[in-house]
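Read through the structure below, which is laid out as structure tokens, and then see the notes.
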Amino acid sequence: MNAIVTGKEMAQADNAAIDKLLTSETRLMELAGRQAAEIISRSLHRENGQLHDCGFLILCGKGNNGGDGFVLARHLLNKGASVDVVTLYPPDSLKDINREGLGILQAYASHSSRLRLFATLDDAMNTIEQQEYTAIIDALLGTGLNLEHEGVTLRDPVRSAIELINSRSSQNASPVIALDLPSGLDATTGYSAAPTIRADMTITMAYRKTGFFFNAGPELTGEVHTAEISIPPFLLPETCCREIDDEYASACFTLRSPSSAKHTNGKLLIIAGSLSPEASMTGAAILATRAALACGTGYVCTSLPLEAAAALHATAPAATVISRKPDALEQKIRWADAIVLGCGLGRTPADLELVRRLVTSRVFTTKKVVLDADALFALAESGIDLAQSGMQDAVLTPHNGEFSRLTGLAIPDISADPIMHARVFSRNHNVALLLKGNPTVISSPQGKVHLNTSGTEALATAGTGDILSGMIGALAAKGCSTFEAASAASWFHARAGDLAHDLSSLVTAEQVVHRIPEAISEMFSITPDTP
Ligand SMILES: NC(=O)C1=CN([C@@H]2O[C@H](COP(=O)(O)OP(=O)(O)OC[C@H]3O[C@@H](n4cnc5c(N)ncnc54)[C@H](O)[C@@H]3O)[C@@H](O)[C@H]2O)[C@@H](O)CC1
Ligand SMILES: Nc1ncnc2c1ncn2[C@@H]1O[C@H](COP(=O)(O)OP(=O)(O)O)[C@@H](O)[C@H]1O
Ligand SMILES: [K+]
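Each step along the sequence shown adds one to the number in full-length UniProt numbering, with nothing skipped, and position 385 is 385.
Structure below.
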């Protein structure tokens, strides 16, 4: 799984490369600029990587991001391009490494007419206005910018440079390439300053940054390429965020062994669905049950009001049904390898009491447990502290609204930094958390965080959350921890959504369930029977 890092983690890894691997900062910067030139020439589809017919404008700030820009300028020149470089700050305000980078360019300028150096934006304006560029390169700010909140105003000369780049790009269609990240974007949170570069392409150093996935990040980075600059993954903290991929998801999925039996292939209890004279939420139980069966679970038993049993049997005949009677439930809880609690359970006092009783009983808390929907509502209402109740391996699967109710945090605060909030919640309550969204964040009590960046608005329809709960329960029943099950299931769930319909706007929860076998079997090169 690829790492996705915060600004701080990236700076720590940069420092570790320098301190522990004895890689000089100059070498890292050289690799950054050189790799960026390679990526640019590849993306322009140039033969032999030569750029003789290309012209670039590079605007450089005073930090190391600007230093990357000086190195890039040199490598673009070496490939035959013409390059205009604007330095926004006087050389004596630059750090040694960046002054050296600029010094090399100044020496180049005395030999090459293809390089023009401008000491200020004003000096460059006339030239820039008359010139068509193959691309404009933003080397103004990188991971050195930290924003307290969205919309912090930047000062000149950076502000004018960003405004110039954005307006040039909208007038002349000169594509904008951001080095490391679009200037003005906070690498960690995805907050954007006023103004922030709107890039067509971002060439990020070593690892993608968490800010690319949240807040303004997704709209501003354009296509993201990662430049390999010799900062190996072992320099990253164990707990840094990882992106779930097909390899991870399939490693978490256990195929049945030839000698297996139904009771060794995962026994899952789903306590879901409700029926009253006023309303029915039987569908939630049916979707969760069908999703669990579609994941190849050996045995699925669903507890729901018995009047609804016929409806469940009509679409999931392989599942057994039990009532909500305490004795029957307790017996099945003992039997189960994993339990899903909450989808469409209801919010009556009796439902709240059921959840309270279960999450405080040892027979339940020692199982792998998935708590979703109305179980989360009941937890919030009862104020039960899960850390106290001693859940041994549980995952909660809220969307932002449910998480807000559970934590008292405002929804905008949650969406501003979901990774941080998920991490804190998991640690404080000793449970895994799957915070739904695009992307979905999954955190473990030990501080690990996975991001599921796959999936689209195909899943933005009622019932897909019930399906996800059933899938998590299935993978947990088959052997994964709830953290692994939540991570892998969210990936397969998203894939099933992708496969459900050519037009994502028309996807229904039913179609997602139908596609689960295909989403899983394509990982194992098995052709599923068409449902
Ligand atoms: N060893 C390293 O540290 C490496 C760093 N690299 C590059 O270095 C970048 C990070 O370099 P730096 O830490 O020097 O930081 P930056 O280059 O991102 O910029 C920091 C500079 O921006 C200014 N600044 C901060 N907040 C500002 C604001 N609100 N308005 C205007 N100016 C502001 C600061 O005065 C500082 O001089 C990375 O993004 C990457 O491009 C790469 O060269 C790879 C190796
Ligand atoms: N725009 C989107 N892009 C990707 N995934 C989405 C999007 N909208 C919703 N989802 C996913 O769909 C599921 C919806 O779950 P939930 O809100 O609990 O639905 P319900 O309660 O109706 O079943 C979650 O897994 C969520 O991450
Ligand atoms: K930049």
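Positions of the beta carbon are idealized from the N, C-alpha and C atoms, including for glycine.
Assign residue i to one of two classes, buried (16 or more other C-beta atoms within 10 Å of its C-beta) or exposed (fewer than that).
i: Arg-290; result: buried
i: Asn-428; result: exposed
i: Arg-208; result: buried
i: Arg-334; result: exposed
i: His-45; result: exposed
i: Ile-318; result: With the sequence shown as reference, residue 318 is identified as Ala, and Ile is not the correct amino acid for it. When all chains shown are included, Ala-318 counts as exposed.
i: Glu-230; result: The sequence shown places Ser at residue 230, not Glu. Result: exposed.
i: Leu-468; result: buried
i: Gln-35; result: buried
i: Thr-120; result: exposed
i: Asp-186; result: buried
i: Ala-410; result: exposed
i: Asn-452; result: buried
i: Leu-164; result: buried
Can you tell me the Cα-Cα spacing of residue i and residue j, whole angstroms?
i: Gly-408; j: Lys-95; result: 45 angstroms
i: Gln-50; j: Val-83; result: 14 angstroms
i: Tyr-248; j: Ser-113; result: 52 angstroms
i: Asp-271; j: Arg-362; result: Note on identity: in this sequence residue 271 is Ile, with Asp being the wrong assignment. About 17 angstroms.
i: Gly-401; j: Thr-464; result: 16 angstroms
i: Leu-329; j: Asp-372; result: 18 angstroms
i: Thr-134; j: Pro-233; result: 34 angstroms
i: Asn-64; j: Val-152; result: 21 angstroms
i: Ser-174; j: Arg-168; result: 7 angstroms
i: Asn-215; j: Ala-193; result: 12 angstroms
i: His-225; j: Gly-144; result: 20 angstroms
i: Pro-412; j: Cys-241; result: 21 angstroms
i: Phe-212; j: Arg-324; result: 46 angstroms
i: Arg-159; j: Gln-171; result: 18 angstroms
i: Asp-417; j: Pro-218; result: 14 angstroms
i: Ser-259; j: Leu-31; result: 53 angstroms
i: Thr-6; j: Thr-210; result: 5 angstroms
i: Cys-252; j: Ala-488; result: 6 angstroms
i: Lys-448; j: Ile-419; result: 10 angstroms
i: Thr-461; j: Gly-342; result: 18 angstroms
i: His-450; j: Val-424; result: 14 angstroms
i: Met-391; j: Leu-354; result: 16 angstroms
i: Val-71; j: Leu-105; result: 8 angstroms
i: Asn-78; j: Ala-37; result: 10 angstroms
i: Asn-438; j: His-399; result: 11 angstroms
i: Ile-526; j: Asp-14; result: 43 angstroms
Just checking residue i against ligand 1 - is the residue's beta carbon closer than 7 angstroms to any of the ligand's heavy atoms?
i: Thr-210; result: no
i: Leu-304; result: no
i: Phe-158; result: Phe is not the amino acid found at residue 158; the sequence shown has Val there. Under cutoff, so the answer is yes.
i: Met-205; result: yes
i: Lys-62; result: yes
i: Gly-142; result: yes
i: Ile-229; result: yes
i: Glu-25; result: yes
i: Met-29; result: yes
Assuming the contact rule is C-beta atoms closer than 8 angstroms, residue i and residue j should be a hit. Round their C-beta distance to whole Å, please.
i: Asp-245; j: Met-1; result: 6 angstroms
i: Ala-81; j: Phe-56; result: 6 angstroms
i: Leu-88; j: Gly-61; result: 6 angstroms
i: Val-321; j: Val-370; result: Actually they are not in contact, since the Cβ atoms of Val-321 and Val-370 sit about 19 angstroms apart, beyond 8 angstroms.
i: Pro-182; j: Leu-147; result: Contact doesn't hold; Cβ gap of about 13 angstroms is too wide.
i: Thr-297; j: Gly-266; result: 5 angstroms
i: Asp-138; j: Ala-199; result: 7 angstroms
Measuring only from the beta carbon, is residue i closer than 7 angstroms to any heavy atom that is part of ligand 3?
i: Asn-65; result: yes
i: Asp-180; result: yes
i: Ala-486; result: no
i: Ser-169; result: no
i: Asp-138; result: yes
i: Ser-183; result: yes
Verify the contact flag: residue i, CB atom, against every heavy atom of ligand 2, threshold strictly below 7 angstroms.
i: Ala-109; result: no
i: Glu-457; result: yes
i: Asp-466; result: yes
i: Gly-437; result: yes
Below 6 angstroms CB to CB, which residues in the same chain sit around residue i once its five sequence neighbours on both sides are set aside?
i: Ala-476; result: Ala-338, Lys-368, Thr-482, Ala-485
i: Met-201; result: Ile-177, Gly-222, Glu-223
i: Asn-430; result: Ala-387, Pro-445
What residues in its chain sit with their C-beta under 7 angstroms from that of residue i, if we drop five residues either side in the sequence?
i: Leu-275; result: Thr-282, Pro-305, Glu-307, Ala-308
i: Ala-500; result: Ala-458, Val-507, Gln-511, Val-512, Arg-515
i: Ala-509; result: Leu-287, Thr-461, Ala-462, Gly-463, Thr-464, Ile-467
Here's a check: name, in chain order, each residue in its chain whose Cβ is nearer than 8 angstroms to the Cβ of residue i, leaving out the five neighbours to either side.
i: Pro-237; result: Glu-9, Gln-12
i: Arg-356; result: Ala-378, Ser-382, Ile-384
Should residue i be flagged as near chain B, meaning a C-beta pair shorter than 8 angstroms?
i: Leu-77; result: Protein chain content of the structure displayed is limited to a single chain, and chain B is not contained in it.
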